[in-house]
Structures are given as C-alpha cells and as structure tokens.
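Take a look at the structure below.
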Amino acid sequence: DTAVSQTPKYLVTQMGNDKSIKCEQNLGHDTMYWYKQDSKKFLKIMFSYNNKELIINETVPNRFSPKSPDKAHLNLHINSLELGDSAVYFCASSQWGEQEPQHFGDGTRLSIL
Amino acid sequence: AQSVTQLDSQVPVFEEAPVELRCNYSSSVSVYLFWYVQYPNQGLQLLLKYLSGSTLVKGINGFEAEFNKSQTSFHLRKPSVHISDTAEYFCAVRTLSNDYKLSFGAGTTVTVRA
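Residue numbers (the working numbering), protein chains in the order written: chain A, 42 to 154; chain B, 2 to 115.
Right under this line is the structure:
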C-alpha cells in the first residue's frame, strides 16, 4: 500500500549513459514533483507536473527530461550522465489547490562512476 | 522568493532529554510551514505543518512546533527523545500562491545517544 513508489531504489552507472527513474503514486493526487538531494543533503525542486502539464521547471540542465504519461506517474529521464548528477532523487505528490502537504517517495540513489 | 535557515546543522542529545531544532524563514508573503523527518536511507515523512490558526502545532511522534510570525520562526521541539528519533530533520516553507514549490532548509542531524 505504498503511497509514492520509485524505481529503482539504487542506480549505479557510468558517465555518459542514459537512465530513467520511474515514480508512481496511488494517492489520487493530481500534482507530482521531482527533487534532488545532494551529498550535503540539501533538497531542491527540479520539476513539477499538474494534470500531466509542466508547471515548475527550475534551472536544470536540459539533459533532464520529465515525462508524465498520466496523473499517477512522473518519470525522469537523464541523458549523458555526468559525475555531478550523483545524488538522491525524490519523487513527491500532492493535490493542487489544497493545503495538503507533499508526500514523498523513498528516493532513488544515483551513483555515477 | 522565500528561504529557510536551519540554525543548527548537528544536534547531539541524550536519550530522554528534550530537544529543540531552530528554523527561521524569510518571505515577503504569508507562508505555510512544515517539518519533515528523514530516517537513514528513507524518504521524507511529514512531522507536522502550520497552515493557519493556533500557533502551536502538534505532530506525530510527540513533536510540536511553534509559529512565531514576528520572529519569522518555526522551531521544532520534543520534550523527551528516543534513540529512534535519530534522523535528519528538514524545515520547509511554501508561499500562499500558485507556486507550490517547497523550499527546504539545509537540514539538522539529530543523534540520540543512550
């Protein structure tokens, strides 16, 4: 009965590769987010989708491309991975227009060799 | 734009002692305030939130926080900690606008010792 689930939990890959992280939520929310947590544990938002439309797009390299096939899913594709992409990526969801806080997944730890 | 400052990066504390984690925010508009906890190798879990109303907010696991608008603070407290409270704690703020971005503080590492 996991509310926000991410796969994979761990991802180890080489520089230059392309990889995807998947996120699914079963809370019935209409808004989903991607956050990046760096090695110092600082959390920063990357993207947000509301009803499959991009609403937040922070200063993120265009190697990162989010895709939302439906309200319950938000995937993150990363091209040409670089060492600096090593981080923990968190997916979150919430209901737009309400005061409900965001619910987070357990994160995907991406390590670039 | 809003910002969050957590004044303590690390807080060591003995079991059954009280703990206070300090959080200050900066914003030109009204905000919603949150505290999240991150246990090792896990995601973020909401501890409590301040949206409006009473400035003293009670959350899960015996935590509470007080919103102080004049001091722009939202400090987190627990009167008696357990070993299981060892975790990273994040203060976050969101403005009352169509911008649903959460801005996080840098986090406070709480280590509870027996």
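The beta-carbon is built from N, C-alpha and C at its ideal position, and this holds for glycine as well.
Keep in mind that this is a model prediction, so the values were computed, not measured.
For the stretch 101-118 of chain A, no residue has a beta-carbon sitting nearer than 8 Å to a beta-carbon of chain B.
At a cut-off of 7 Å between beta carbons, Leu77 of chain B makes no contact with chain A. For Lys82 of chain A, the chain B residues whose Cβ falls inside 9 Å of its Cβ are Gln39, Glu89, Phe91, Ala107, Gly108 and Thr110, in order along the chain. Proximity of chain B to Phe131 of chain A at the Cβ level (cut-off 9 Å) is accounted for by Gly44 and Leu45, in chain order. Chain-ordered listing is empty here: chain A has no CB closer than 7 Å to the CB of Phe68 of chain B, the nearest sitting near 14 Å.
Proximity of chain A to Phe35 of chain B at the Cβ level (cut-off 8 Å) is accounted for by Pro142, in chain order.
Around the beta carbon of Glu94 of chain A, a 10 Å sphere encloses fewer than 16 other beta carbons of the protein chains shown; the residue is thus reported as exposed. DSSP places Asn69 of chain B in the uninterrupted beta strand (DSSP E) bounded by Glu65 to Asn69.
Sequence-distant partners of His118 of chain A (beyond 5 residues in either direction) whose C-beta falls short of 6 Å from its own C-beta, in its chain, are Ser61 and Ser106. Residue state for Asp111 of chain A is assigned as strand, using DSSP reduced to three classes. If you ignore the 5 residues before and after Leu151 of chain A, its C-beta comes within less than 7 Å of the C-beta of Leu52, Asp126, Ser127, Ala128 and Tyr130, all in its own chain and listed in chain order. Per DSSP, reduced to three states, the secondary structure at Ser135 of chain A is strand. The C-beta of Ser29 of chain B has fewer than 16 other C-beta atoms within 10 Å across all chains shown, which makes the residue exposed. Counting along the chain, the unbroken beta strand (DSSP E) around Lys63 of chain A starts and ends at Lys60 to Gln66.
Per the C-alpha coordinates, the member of A:Thr54, A:Ser46, A:Thr43 and A:Cys64 positioned closest to Ser109 of chain A is A:Cys64. The C-beta of Lys50 of chain B has 16 or more other C-beta atoms within 10 Å across all chains shown, which makes the residue buried. Counting other Cβ atoms within 10 Å of its Cβ, His83 of chain B stays below 16 and is therefore classed as exposed.
Along the stretch 48-69 of chain B, the positions whose C-beta sits under 8 Å from a C-beta of chain A are Lys50 and Leu52, read in chain order.
Taking Lys85 of chain A as the centre and dropping the five residues before and after it, the same chain places the C-beta of Lys77 closer than 6 Å to its C-beta, in chain order. The beta carbons of Arg104 of chain A and Asn116 of chain A sit no closer together than 7 Å. One finds nothing in chain B with a Cβ atom closer than 8 Å to the Cβ of Ile62 of chain A; even the nearest lies about 13 Å away.
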